[in-house]
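Start counting the sequence shown at 103; every next residue gets the next number (this note's numbering).
To keep things clear, I will list the structure first and then write my remarks on it.
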Amino acid sequence: MKKSLSTLFIALFCVSMYGQLNMQLLSKISYTEDLNDVWGWVDEDTGTEYAIVGTRTGVSIVSLEDPSNAREIEYITGPRSTWRDIKTWGDFAYVTNETSDGVLVIDLSDVPNSISSYRWEPVENAIGGQLSSVHNLYIDEFGVCYLAGANLNSGGVIYVDVHTTPGQPEIIGWGPAIYSHDVYARNNILYSSEIYEGVFTAYDVSDPQNPVALDSHGTPFSFTHNTWLSDDGNTLFTTDERENAPVAAYDVSDLSNINYLDEFRPIQTLGQNVIPHNVHVWNDWLIISYYTDGGIVVDASRPGNLIEVGNFDSFFSPGAGFNGAWGAYPFLPSQTVLISDINSGLYVLQPNYVRACWLEGTVTEKGSGNLLDGVSVHIDSPQPNQAATDFTGTYASGQAIPGEFDVTFAKSGYVSKTVKANFENGVVTTLDVELEPAVPFTFVGKIIDDETGIAVPDAIVQVISDNTSLQTFTDLNGNFSINSFYEDDYEVFAGKWGYQYAEKSQNINSSTNFELRLKKGYQDHFIFDYNWQTDADANTSSGFWEREVPIGTDLGGGQLSNPGADAEGDYGDIAYVTDNGGGQAGSFDVDDGNVYLTSPIMDLSEFDDAILTFDYWFINDGGNSAPNDEFKVEVNNGSETVEIFKTTESISEWLHSDTFHLQDYLTLTDQVSVKYTTGDQPQTGHLVEAGVDVFNVVGNKTVGTETLEELVKVTLYPNPFKETLNINVRNFGEGTMVISNTLGQRIEQRKLDGDQTIFIGANWPSGVYFATFLKDDKEVESFRLVKQ
Numbered sequence: 103m104k105k106s107l108s109t110l111f112i113a114l115f116c117v118s119m120y121g122q123l124n125m126q127l128l129s130k131i132s133y134t135e136d137l138n139d140v141w142g143w144v145d146e147d148t149g150t151e152y153a154i155v156g157t158r159t160g161v162s163i164v165s166l167e168d169p170s171n172a173r174e175i176e177y178i179t180g181p182r183s184t185w186r187d188i189k190t191w192g193d194f195a196y197v198t199n200e201t202s203d204g205v206l207v208i209d210l211s212d213v214p215n216s217i218s219s220y221r222w223e224p225v226e227n228a229i230g231g232q233l234s235s236v237h238n239l240y241i242d243e244f245g246v247c248y249l250a251g252a253n254l255n256s257g258g259v260i261y262v263d264v265h266t267t268p269g270q271p272e273i274i275g276w277g278p279a280i281y282s283h284d285v286y287a288r289n290n291i292l293y294s295s296e297i298y299e300g301v302f303t304a305y306d307v308s309d310p311q312n313p314v315a316l317d318s319h320g321t322p323f324s325f326t327h328n329t330w331l332s333d334d335g336n337t338l339f340t341t342d343e344r345e346n347a348p349v350a351a352y353d354v355s356d357l358s359n360i361n362y363l364d365e366f367r368p369i370q371t372l373g374q375n376v377i378p379h380n381v382h383v384w385n386d387w388l389i390i391s392y393y394t395d396g397g398i399v400v401d402a403s404r405p406g407n408l409i410e411v412g413n414f415d416s417f418f419s420p421g422a423g424f425n426g427a428w429g430a431y432p433f434l435p436s437q438t439v440l441i442s443d444i445n446s447g448l449y450v451l452q453p454n455y456v457r458a459c460w461l462e463g464t465v466t467e468k469g470s471g472n473l474l475d476g477v478s479v480h481i482d483s484p485q486p487n488q489a490a491t492d493f494t495g496t497y498a499s500g501q502a503i504p505g506e507f508d509v510t511f512a513k514s515g516y517v518s519k520t521v522k523a524n525f526e527n528g529v530v531t532t533l534d535v536e537l538e539p540a541v542p543f544t545f546v547g548k549i550i551d552d553e554t555g556i557a558v559p560d561a562i563v564q565v566i567s568d569n570t571s572l573q574t575f576t577d578l579n580g581n582f583s584i585n586s587f588y589e590d591d592y593e594v595f596a597g598k599w600g601y602q603y604a605e606k607s608q609n610i611n612s613s614t615n616f617e618l619r620l621k622k623g624y625q626d627h628f629i630f631d632y633n634w635q636t637d638a639d640a641n642t643s644s645g646f647w648e649r650e651v652p653i654g655t656d657l658g659g660g661q662l663s664n665p666g667a668d669a670e671g672d673y674g675d676i677a678y679v680t681d682n683g684g685g686q687a688g689s690f691d692v693d694d695g696n697v698y699l700t701s702p703i704m705d706l707s708e709f710d711d712a713i714l715t716f717d718y719w720f721i722n723d724g725g726n727s728a729p730n731d732e733f734k735v736e737v738n739n740g741s742e743t744v745e746i747f748k749t750t751e752s753i754s755e756w757l758h759s760d761t762f763h764l765q766d767y768l769t770l771t772d773q774v775s776v777k778y779t780t781g782d783q784p785q786t787g788h789l790v791e792a793g794v795d796v797f798n799v800v801g802n803k804t805v806g807t808e809t810l811e812e813l814v815k816v817t818l819y820p821n822p823f824k825e826t827l828n829i830n831v832r833n834f835g836e837g838t839m840v841i842s843n844t845l846g847q848r849i850e851q852r853k854l855d856g857d858q859t860i861f862i863g864a865n866w867p868s869g870v871y872f873a874t875f876l877k878d879d880k881e882v883e884s885f886r887l888v889k890q
């Protein structure tokens, strides 16, 4: 058996833990292997609907006669392949894979009594041999099947007649020898997703012997994965299979003048590296398989203002990548939607299709009437939303939920304005507003050493709000000032090499007396540039260390090498990675030598316990022999170098390091540095990539002339943490530790008495917490904690 049936109770339990909008789970089938695409078919004699599900090793035929009790009636084995694609014509289904055996032809004319199949592998000597592997296919309204990404024709489209003799395909033409990843055709116009060119190309295929290219157009992330046409044929929707990429809309009513209209991204996971896969269109709704975000329904009846109106998340784990929803099929007469989740199985869903409640308008400056761009527009609603005005001062937003809601308009330099608006499904609400210029002031503040109370010069200060992001430095007296500042809610971060970060969130106005205290230590999540040293062997040709927002690289088979994000739960979104070029792994990996990343010098001479932790990932794959490259960490104190960590384990996700007590390895001096090294051994040709983030060195200072109060020390590591947080308390005496969540709710409290080590957090849900240490009911220390 290739699958197992899940009970509806279990499925409903899963749904109860994860929200959905206007989509109801009817039933679910779990499989013992990964899935890929899904398609639907209807028996015209009985009206029974079926799901045809691709798996890693074959095709599963599922009866939806009772959609609340989907059941597999047949399983057809085939070559093992990550990719399968399925389309139907008449009583036949056609299935491709990227391994071998050509196209699988399935005869469904006698379901459920019997199902037969055979492999169609034509030999085409004129263009290079026998059909073996095919990535994708599409069948138009004339019964022409278009094969994309085959082993023949350099992956260019192959035209096949599946109409004339049902179940007996015949090649009738060839498109240009340009690799096509996916195709869509209507009215003899073929849209080819030429993924490695980063464009879709429209072809006139009325004569399959002589296709004519009409025009090409790039897509937002230059990795055009699939296309689908609107019902009226005027709008083409595209996906780029890249992290954070949108589903884009283009006016193709005039193929000599293609125009961009709008793009959609799931607001709830914006910037979290979620990847769109395939988009389909039914009755002007987009049904999108969005990998780790599940199936998403978007109202595209106003293609210049795409609004999410339904969703069902089938992927229940954190993170992004090539997991979750592969396919979403919406074309069954019952309007049932089928979601094939790579990891968890087939979902049979009943959508409640609703039209969006659109909100559109213009924002101008009060008095002058000048059009204002960059004004954020936020609807105070349970449904996540985000919009802003463009250079013409106009905005377009909306939601699925009707009713009266507050809408807030905000821009730095202007007084925010909140207006009530009434939302109706299928109706455009026009809301034009004027914003009054705000009165600027100079924001001043001070950064001081938490232990000594002395000013911290040359500290970096970053000030962020929804409308602005600024960075400055403190002067010799630890003071900073920012002119032309405006009242708003801000997050203020401060840091300096030799200190831990500090942050504070508050409303800042002209009367704000602002101060941040920095605790001693060494912390770097790379939100600030502390001038780490990057170097490489003379013969190294690529893969140099870069401080960047990570861009995912494709290792093949749907696996990322560079995970495409910095470590979870840290500050900012930047890490050090090797050659952050994105694209196919091997294009930007480390080649021909070693690359080195070295920390600035640390003065640990007064520490009797210096604890180092960091996050990292390392990939070593491919090549013509067993991977033999490594990632290692060394510590130098100015006179000696010691290796403290080395790994050859290849895994494309962030890992927490062990806890390293540096004094166990060498003498702590005022010249300590940490070096990360990875490289490609000569003449092996392996893929080598790595990343480093969440660098942290904390510890206890040596007892000198300090008072007991100055010696009170609390250290926490690792932070962020995945399992257990270690808290070392020294010279604290009697006191209290209080743990609270972001809502201010107290979740744990412990009495303290003397030196101790506390292990905490194993049962906490992932999230942000705050630890406060009290003596005589007064706060002595406080920390921000992150459970991943």
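In this text, a Cβ means the ideal position worked out from N, Cα and C, and glycines have one as well.
May I ask which residues mark the beginning and end of the beta strand (DSSP E) holding residue i?
{"i": "Ala677", "result": "Ala677 to Thr680"}
{"i": "Tyr240", "result": "Asn238 to Ile241"}
{"i": "Leu363", "result": "Asn361 to Phe366"}
{"i": "Arg221", "result": "Ser218 to Trp222"}
{"i": "Leu233", "result": "It is not in any beta strand (DSSP E) - Leu233 carries neither H nor E in the DSSP assignment."}
{"i": "Val197", "result": "Phe194 to Asn199"}
{"i": "Trp647", "result": "Trp647 to Glu650"}
{"i": "Arg852", "result": "Arg848 to Asp855"}
{"i": "Phe630", "result": "Premise fails: Phe630 is in no beta strand (DSSP E) and is neither H nor E."}
{"i": "Arg457", "result": "Per DSSP, Arg457 belongs to no beta strand (DSSP E) and is neither H nor E."}
{"i": "Lys130", "result": "Met125 to Tyr133"}
Decide if residue i is buried, meaning its Cβ has at least 16 other Cβ atoms within 10 Å, or exposed.
{"i": "Asn739", "result": "buried"}
{"i": "Phe493", "result": "exposed"}
{"i": "Thr809", "result": "Residue confidence for Thr809 is low, a pLDDT of 35 falling below 50, so the modelled location carries little weight and cannot support an answer."}
{"i": "Glu812", "result": "Note that Glu812 scores 43 on pLDDT, short of 50, meaning its location in the model is unreliable; the coordinates nonetheless yield the value given after this. Burial call: exposed."}
{"i": "Ile208", "result": "buried"}
{"i": "Glu751", "result": "exposed"}
{"i": "Thr715", "result": "buried"}
{"i": "Tyr220", "result": "exposed"}
{"i": "Ala252", "result": "buried"}
{"i": "Gly806", "result": "Summary for Gly806: the model assigns pLDDT 36, below 50, so the residue's position carries little reliability, and this model does not support an answer."}
Which of the three DSSP states is assigned to residue i in this structure?
{"i": "Pro181", "result": "coil"}
{"i": "Pro169", "result": "helix"}
{"i": "Leu210", "result": "coil"}
{"i": "Ile369", "result": "helix"}
{"i": "Gly674", "result": "coil"}
{"i": "Asn312", "result": "coil"}
{"i": "Ala113", "result": "Because the pLDDT of Ala113 is 34, which lies under 50, any placement of that residue in the model is unreliable, and the question is left without a value."}
{"i": "Asp386", "result": "coil"}
{"i": "Leu533", "result": "coil"}
{"i": "Gly257", "result": "helix"}
{"i": "Asp270", "result": "Sequence inspection shows Gln at residue 270; the Asp mentioned does not correspond to that position. Correct three-state label for Gln270: coil."}
{"i": "Asp147", "result": "coil"}
{"i": "Gln765", "result": "helix"}
What are the partner residues of residue i, as DSSP defines its beta bridges?
{"i": "Leu618", "result": "Ile549"}
{"i": "His758", "result": "Asp717"}
{"i": "Ala422", "result": "According to DSSP, which records beta bridges pairwise, Ala422 is partnered with nothing at all."}
{"i": "Lys606", "result": "Val594"}
{"i": "Gln501", "result": "Cys459"}
{"i": "Gln635", "result": "Thr700"}
{"i": "Phe582", "result": "Gly547"}
Are residue i and residue j close, meaning C-beta to C-beta below 7 Å?
{"i": "Asp508", "j": "Thr491", "result": "no"}
{"i": "His245", "j": "Trp191", "result": "Looking at the sequence shown, residue 245 is not His but Gly. Going by C-beta atoms, Gly245 is nearer than 7 Å to Trp191."}
{"i": "Phe545", "j": "Asp560", "result": "no"}
{"i": "Gly645", "j": "Asp691", "result": "yes"}
{"i": "Ser183", "j": "Glu200", "result": "yes"}
{"i": "Ile444", "j": "Asn425", "result": "yes"}
{"i": "Ala422", "j": "Gly397", "result": "no"}
{"i": "Leu699", "j": "Tyr678", "result": "yes"}
{"i": "Tyr819", "j": "Thr859", "result": "no"}
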